[in-house]
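As structure tokens, the structure follows; a few thoughts come after it.
Numbering (our numbering), first residue to last: 254 to 976.
Given below as structure tokens:
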């Protein structure tokens, strides 16, 4: 289906200045080449910019400074940049509230008054209280680059374990704060990563995921394995922490420990890299808080299915799994009889994907995705449906992809959740499962007139005849006259769904007369296991094909044309943009790959990159190397090809997808574009004291998104403007 026109298209933006240098001559800083070649299964592959992988060298620092200087000068010529920055600041400046949660009669909530670089943690007497500030990360650094990256509160609400990260790094340092006084205890746990804290029932200590300290100077590059879970008892040194699980013989295992809400058991979920299939082990906790004597007992053994414990009643565990259910179901598993033949189905598989669930008041609040939009249905622990939590059409619960849908407790029927959409910045609701009463606690606060915009979902037929969902967001007065600028966004990987979520930059683009198109590509997590499998490993090229098919649809549907389509994605989505722009440059008018995985032959050699082999494949295995070499963006840049204007974006402290990916890709693309003498500028924007994106200060987000939108608007408008 296609969108129906309502009125003639509006102008792209308020500025109408000539855009010099958009498609004309452009001279980036020169980048030194080296004679680095590698032999991959008999194929010799050049890597002339290998030296840019060393982000600690003075030469790399000089290169970064020179590139940023050119990028800043190019962006500074466009007056729309300040207009966009000011509008972004206005749009950010509203109060934002997370879903409150209760521990020991106290309520806790994340809040941001608007332009605070980092959100604050409040403690309240009731979920609607003004409360008081318990933790203000903005006070921990002068530039707002220390972020809260993890928190856990004891069952009695008396202590907070909180983790902070610096400059966007994934490295975490845990501390403990007394909730009543607001003072920190002496406990400091350094060099943790990707984990959370889970308190034992009496609050005497917590479990966390530990890692070895990296070599000095290699904190942001060194490959890191995380096969250890430790227990920290309050008042002791980190060196004295007890290791409760480690797997040195299995360095690709990623364990995560959680104490059940009744405090009786320690659950150990283990994945192999980012593979969603897990095994779950259980140990009963003793009087000291540590696991009692005995071996780990398997609850879900092997690595055959996705499995996550939702709740337990004694030794009966409620597990969300895709075992014999491609779109997932919930089963009851008895710890004494864990064989799948003994599992009892509680919530059956449906046509929509069961994404998550939570035990609230003895009921399972289940989060389903219907074509990427949220639905909340409630079941008893006996599997009997008991109702639905009302949600606005076309909306989504605002949570991380694998999180519980609502905040709630087994002993209370009161739940809280935040729901939003592409044009709704998110409203906070409270809902009583017993009475069915729904209360709006905080309305969406972004200064956006939602009635002025229209969101539609269309289904694009891919080249292999599979229907790919695409959200189209525009002003109501914008119609398909063939000249509408489009920002096309995608991800398509790691079983992660892309759901309706308010994004300030995308909303400003739409306000200024453009159309946002968000594609739910294969490889993602919108439709369960088959959808993911269709876009991973040997099938990864399918993701790029889907994205290009969507671009072709947009150009053929009457809305736009190829030189008015800008593509954007981050991380795995940065790989998506890099692969598509190198394979089909004529399909796009601009490209913005952010913090992308762009060197598919060396991604596994840095930080946590090895874990992505479960989705990408292993470059050290010949068959899988062939898949990767065929689409690796860095290795498929061709001389003599005119590439569209491209802005590569990364952070100098990104220790997830190391910035060397972006550095090398930008250098190679600049060199190829210079040889061609055609196409658009190739720029790179390297943010300082910034990482992969989590915890980035609001001030830096505004600056980054203003530059991205300025680049896109200049490139797309300049497609038909004199240079």
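The C-beta atom is built at its ideal place from N, Cα and C for all residues, glycine as well. For clarity, every value in this text was computed on a predicted model and none was experimentally measured.
Leaving aside the five residues before and after residue i along the sequence, list all residues of the same chain whose C-beta is less than 7 Å from its C-beta, in chain order.
i           : result
residue 668 : 613, 618, 659, 660, 661, 684 and 686
residue 910 : 824, 848, 849, 850 and 945
residue 593 : 576
residue 643 : 691
residue 539 : 545
residue 921 : 302, 887 and 890
residue 951 : 345, 368, 369 and 370
residue 932 : 895, 896, 897 and 926
residue 620 : 608, 609, 610, 627, 629, 650 and 658
What did DSSP end up calling residue i once you bin it into helix, strand or coil?
i           : result
residue 362 : strand
residue 821 : strand
residue 577 : coil
residue 925 : helix
residue 975 : Interpretation of residue 975 is limited by its pLDDT of 29, a score under 50 that renders its predicted location unreliable; the figure taken from the coordinates is listed afterwards. Note: residue 975 maps to coil in three-state DSSP.
residue 565 : strand
residue 623 : strand
residue 639 : strand
residue 551 : strand
residue 280 : coil
residue 644 : coil
residue 796 : helix
residue 604 : coil
residue 556 : strand
residue 286 : coil
residue 632 : strand
residue 674 : coil
residue 274 : Residue placement at residue 274 is poorly supported in this model, since its pLDDT is 49, which falls under 50; the coordinates still yield a value, given next. Correct three-state label for residue 274: coil.
residue 544 : strand
residue 970 : helix
Please return the same chain residues whose Cβ sits closer than 8 Å to the Cβ of residue i, not counting the five positions on each side in sequence.
i           : result
residue 450 : 403, 404, 405, 414, 416, 427, 459, 460 and 461
residue 716 : 798 and 802
residue 646 : 626
At least one CB of chain D closer than 8 Å to the CB of residue i: is that the case?
i           : result
residue 410 : This model lacks chain D altogether, as it is built from one protein chain only.
On the criterion of 16 or more Cβ atoms from any shown chain inside 10 Å, does residue i qualify as buried, or is it exposed?
i           : result
residue 876 : exposed
residue 353 : buried
residue 963 : buried
residue 512 : buried
residue 520 : buried
residue 386 : exposed
residue 502 : exposed
residue 294 : exposed
residue 773 : buried
residue 718 : exposed
residue 601 : exposed
residue 339 : exposed
residue 947 : exposed
residue 705 : exposed
residue 341 : buried
residue 696 : exposed
residue 565 : buried
residue 310 : exposed
residue 289 : exposed
Looking only at its chain, what residues have a beta carbon closer than 6 Å to the beta carbon of residue i, apart from the 5 residues adjacent to it on each side?
i           : result
residue 837 : 801
residue 827 : 846, 847, 848 and 849
residue 748 : 529, 778 and 785
Would you say residue i touches the ligand NAP, meaning its beta carbon is less than 7 Å from a heavy atom?
i           : result
residue 843 : Although the ligand NAP was asked about, the structure shown includes no ligands whatsoever.
Checklist entry - Of all the alpha helix (DSSP H) runs that stay within the bounds of the segment 351-425, which reach a length of 4 or more residues? => result none
* To do: Identify every run of the beta strand (DSSP E) within the segment 436-520, keeping only runs that are complete inside it and at least 3 residues long; order them along the chain.
  => 437-446, 458-463, 481-486, 495-499 and 506-512
### Task
Identify every run of the beta strand (DSSP E) within the segment 702-749, keeping only runs that are complete inside it and at least 3 residues long; order them along the chain.
706-714, 720-728 and 739-742
### Query
What are the complete beta strand (DSSP E) segments, minimum 3 residues, inside the segment 842-922?
843-847 and 899-904
Query raised in the report: Counting Cβ pairs closer than 8 Å, one from the segment 798-815 and one from the segment 851-863, do we hit at least three?
Result: no
| request: Would you check if the segment 313-327 and the segment 669-680 touch, i.e. whether three or more CB-CB distances between them fall below 8 Å? | output: no
Check whether the segment 861-875 and the segment 924-938 are in contact - that is, three or more C-beta pairs closer than 8 Å.
no
- Message: I'd like to know if the segment 899-914 and the segment 372-380 are in contact, where contact means that at least 3 CB-CB pairs between them fall below 8 Å.
- Response: no
Start-end ranges of the beta strand (DSSP E) lying completely within the segment 299-358, minimum 3 residues:
354-356
On the three-pair Cβ rule with 8 Å, is the segment 299-313 touching the segment 937-944? no
Can you find at least 3 beta carbon pairs, one from the segment 811-830 and one from the segment 434-446, that sit closer than 8 Å? no
Between the segment 776-785 and the segment 728-737, can you find at least three pairs of beta-carbon atoms closer than 8 Å?
no
Hey, is the segment 475-487 in contact with the segment 495-509, meaning 3+ C-beta pairs nearer than 8 Å? yes
Inside the segment 926-968 only - beta strand (DSSP E) runs reaching at least 3 residues = 935-940
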